[in-house]
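Peer 1: Same order as they appear, the protein sequences are chains A and B.
Read the first sequence against the numbering used here and you will find it ends at 443, with the numbers running on by one and no gaps.
Read the second sequence against the numbering used here and you will find it ends at 1554, with the numbers running on by one and no gaps.
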Amino acid sequence: MIEEIITSGRMNPEIDPILHVWGGEIPFYLFLGGISAGILIFSAYFTLRGRQEELPVAVKWMPLAVPFLIGIGLIALLMDLSHVLYFWQLFTNIRWESPMSWGAWTLGIIMPLSIAWIATWVEDIFPKWDWKFDEVKTAIEWLKNYRRYMAQILILLSVILGMYTGILLSAFNARPFWNTSILGPLFLASGLSASAALVSFFSKSEVEKRLFTRIDIILIGIELFMIVHLFMGHLAGTQVHIQAAQMFLGGAFTVPFWVFVVGLGLLLPVVLEILELKHKFIPAIVPVVLIVAGNLMLRFIVVNAGQASRWLY
Amino acid sequence: MRYAMAVDTLKCVGCSDCVVACQTENDVPIGHCRDWIVEKTTGTYPELQLEIRSERCNHCANAPCVRTCPTEASHYAEGGIVLVEESECIGCKACITSCPYDARFIHPEGYVDKCTFCIHRVEKGQNPACVSVCPTHAMIFGDLDDPNSDISRAMATRKWKSLIPEAGTDPKVFYLI
């Protein structure tokens, strides 16, 4: 047997023995960004399909949460920056090659756009709402004429928001576990799934509940399919990718991932949702909590596992 | 002009003079380093091979840190030297995670820091501090575009390797073997 011992004199507390530059703020932000993207996609899509009266929670109510979710996410992002007073530099540069630059600009546009989107629905939700100033009222009436265009732009930007968080990680080939393009679609699907679960939890209409439970079941199926592909891709990759996959196939991340993310976060809720559709009594809070917690855990595990995987030379 | 460095692994004794010279020259904060020594022992006792390398930022021609930087703080300077502009760095750490050589660190003031090939010395025609103090003359710095430079001649006449070229980074620090 050939043995190799590598002794390094490098002093770098953030990198040695394993990289840990991103703590909890980043996965927490990825989680909030994913859910916000999911909420906006459903709201905009069902508006374009003209189903706003039939699906009020998805179209009108849920977007109310988006500015808060994105706001908390932005605070988490700022807390992560180590040179935070210079954060404005994000908006003096456009870097096409940097997913983080895409993310910053997308967030910068989606935040005001989502507020404008909510403003066009506020009077539907709260009939007694009064804008107080006639100018605001006129502006919002004018905006309502352009709802279709807003919805189209929102869908485009929300897909970018939902995907970029995964693409951001997959752009780092230095961290083999992240270096798979399936992370983008996987994060998008999981963000959509969590928001679908939230819609069916908050909805009081049977039609809306059942539609979003059905959508969620399909999305969880897609997620499971992509998770299998993620590992197939890694196992068919180079030595560093195989080692990265092995962290989940017997290594340190095996139990947290397969038990908590896949078992409790995807398989159990999908079974509960199927039973729900068959009119079995399932406390509505159970699947939604499992799905949202699994969603958060998925991002924590992916961010940590990526930092633990590396090239050896 | 394409600046590059070659480290002769047959001459390097791992004395860490390059590390100390760098820390002094560049006022590197205590507890961090811009260059470091790696000793790689291969084999089973008593049949052993030892390779000693002085490592640092590879000043890649296809640098992932420059690509992933959202603000252009990480950029290519003259001769392909990869630098960080402190006043543009937001401390997002994307460059740290994108570097397969783990050559970057967070300066206590918040921005990201790393080897600069001592550009302030190179601009005056001097060698980087690590190269100039090496007691065994194990390091060569120069211009790969000049066929008569010491580094071009060493690379033409010696066997060499670079670190994880399969990462696609096109590194500009070479190891003579």
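Just so it is clear, CB atoms sit at the ideal spot from N, CA and C, and this is done for glycine as well.
Taking only beta carbons into account, state which residues of the stretch 135 to 147 of chain A come closer than 7 Å to chain B, listed in chain order.
Peer 2: Listed by position, the residues of the stretch 135 to 147 of chain A near chain B (Cβ gap below 7 Å) are 135, 136, 137, 138, 139, 140, 141, 142, 143, 144, 145.
Peer 1: From the beta carbon of residue 1536 of chain B, is the nearest beta carbon of chain A less than 7 Å away?
Peer 2: Cβ-Cβ to chain A under 7 Å: no for residue 1536 of chain B.
Peer 1: Residue 1417 of chain B to residue 1527 of chain B, Cα distance in whole Å?
Peer 2: In a straight line, the C-alpha of residue 1417 of chain B is about 27 Å away from that of residue 1527 of chain B.
Peer 1: Quick check on residue 391 of chain A: does DSSP put it in helix, strand or coil?
Peer 2: Helix at residue 391 of chain A.
Peer 1: Just checking my contact of residue 1431 of chain B with residue 1516 of chain B at CB under 8 Å: how many whole Å lie between their CB atoms?
Peer 2: Between residue 1516 of chain B and residue 1431 of chain B the Cβ distance is about 7 Å, and since that is below 8 Å, they are a contact.
Peer 1: Going by beta carbon distance, what residues of the same chain come within less than 6 Å of residue 430 of chain A, once the five residues before and after it are set aside?
Peer 2: So the qualifying residues of the chain are 157.
Peer 1: Taking 6 Å as the limit between beta carbons, can you name the residues of its chain near residue 255 of chain A, skipping five residues before and five after?
Peer 2: Excluding sequence neighbours, residue 255 of chain A sits near 190.
Peer 1: Looking at C-alpha atoms only, which residue of A:170, A:308, A:179, A:285 is the closest neighbour of residue 324 of chain A?
Peer 2: Residue A:170 is the option with its Cα nearest to residue 324 of chain A.
Peer 1: Going by other Cβ atoms of all chains shown within 10 Å of its Cβ, with 16 needed for buried, is residue 425 of chain A buried or exposed?
Peer 2: Its Cβ being crowded by 16 or more others within 10 Å, residue 425 of chain A is buried.
Peer 1: 7 Å is my cut-off, CB to CB: does residue 1479 of chain B come that close to chain A?
Peer 2: At least one chain A Cβ lies under 7 Å of residue 1479 of chain B.
Peer 1: Shortest alpha-carbon distance to residue 1469 of chain B belongs to which of A:227, A:207, A:225?
Peer 2: Ranking A:227, A:207, A:225 by Cα distance to residue 1469 of chain B puts A:207 first.
Peer 1: For residue 1400 of chain B, count the other beta carbons within 10 Å of its own beta carbon; 16 or more makes it buried, fewer makes it exposed. Which is it?
Peer 2: Buried, since its Cβ has 16 or more Cβ neighbours within 10 Å.
Peer 1: What's the call for residue 1553 of chain B, buried or exposed, on a 16-neighbour Cβ count within 10 Å?
Peer 2: Under this definition residue 1553 of chain B is a buried residue.
Peer 1: DSSP three-state label for residue 1388 of chain B, please.
Peer 2: Three-state DSSP puts residue 1388 of chain B in coil, outside helix and strand.
Peer 1: In chain order, what residues of the same chain lie with their CB nearer than 8 Å to the CB of residue 280 of chain A, ignoring the 5 residues before and after it?
Peer 2: Cβ within range, chain order: 174, 243, 246, 247, 250, 273.
Peer 1: Check the C-beta distance from residue 1440 of chain B over to residue 1546 of chain B and give it rounded, since I have them as a contact under 8 Å.
Peer 2: That belief holds up - the Cβ atoms of residue 1440 of chain B and residue 1546 of chain B are roughly 7 Å apart, short of 8 Å.
Peer 1: Residue 155 of chain A versus chain B: which residues are under 8 Å apart at the beta carbon?
Peer 2: Per Cβ cutoff of 8 Å: no residues; residue 155 of chain A is ~11 Å from chain B at best.
Peer 1: Any C-beta of chain B sitting closer than 7 Å to the C-beta of residue 219 of chain A?
Peer 2: Cβ-Cβ to chain B under 7 Å: yes for residue 219 of chain A.
Peer 1: Hey, quick one: how far does the alpha helix (DSSP H) through residue 479 of chain A stretch, first residue to last?
Peer 2: In the structure displayed, chain A extends from 131 to 443; residue 479 of chain A sits before or after that span and is not available.
Peer 1: Just to confirm the assignment, what range does the alpha helix (DSSP H) spanning residue 297 of chain A have?
Peer 2: Start and end: 277 to 300.
Peer 1: For residue 1381 of chain B, which three-state DSSP category applies?
Peer 2: Residue state, collapsed to three classes: strand.
Peer 1: Can you find a CB in chain B that lies within less than 7 Å of the CB of residue 223 of chain A?
Peer 2: Closer than 7 Å: yes.
Peer 1: With DSSP as the reference, label residue 141 of chain A as helix, strand or coil.
Peer 2: Of the three classes helix, strand and coil, the one that applies to residue 141 of chain A here is coil, per DSSP.
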